[in-house]
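So this is what it looks like as structure tokens:
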């Protein structure tokens, strides 16, 4: 069984990272520039974000050895704020290491030695000088459009979704994130 930990989501243990490698990623990605706050604009539906109705954001802090500290949050159906903390790392399956092909984990730190707690987080495209990002998994089951702004330019979001469609993602199933407040 395959699994992904959400770019802006709240994950559960469910398997291991995929082994499909045919998904192109952003060349020359700079993790320093990528770090910071991102707001979800659209996503493929997934079970770990089913209670998220809006105000979805992810905060990435670059740590030593190209590790990322991740804090995700969203507004839940009951009005509360749902939060999940995790860690990202360069995917060890690639040599040389590719900063656009990451693995992330939201399971407890003591489980980090178990391969199945890590899920794919591939940065497919960055646009507008790191103002927009398309993130997904090589099995095409998970996809997010992120932006630095709470509400992104609709044309920029659509351009990333159009690109995702050319890569085999089911963009007809995309859910737009409700207004970021």
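In our numbering, the protein residues as written are 121 to 301.
Just so you know, even glycine gets a beta-carbon here, dropped at the ideal spot from N, CA and C.
Note that the coordinates shown come from a computational prediction; the quantities given were computed from them, not determined experimentally.
- Straight-line spacing of the CA atoms in residue 282 and residue 232 works out to 35 Å.
- In the DSSP assignment, residue 265 falls outside any alpha helix (DSSP H) and lies within the beta strand (DSSP E) extending over 263-267.
- Beta bridge pairing from DSSP links residue 247 with 252.
- For residue 179, the pairing in a beta bridge is given by DSSP as 157, 191.
- Distance from the Cα of residue 287 is smallest, within the candidate group 296, 255, 155, 209, for 255.
- When Cβ pairs closer than 8 Å are counted between the two stretches, the stretch 145-153 is seen not to touch the stretch 161-170, the count staying below three.
- Assigned with DSSP and collapsed to three states, residue 242 falls in strand.
- Put simply, the backbone Cα of residue 243 is about 23 Å away from that of residue 229.
- Within the model, the alpha-carbon separation for residue 141 versus residue 213 is close to 10 Å.
- Assignment of beta-bridge partners to residue 170 by DSSP yields no partner.
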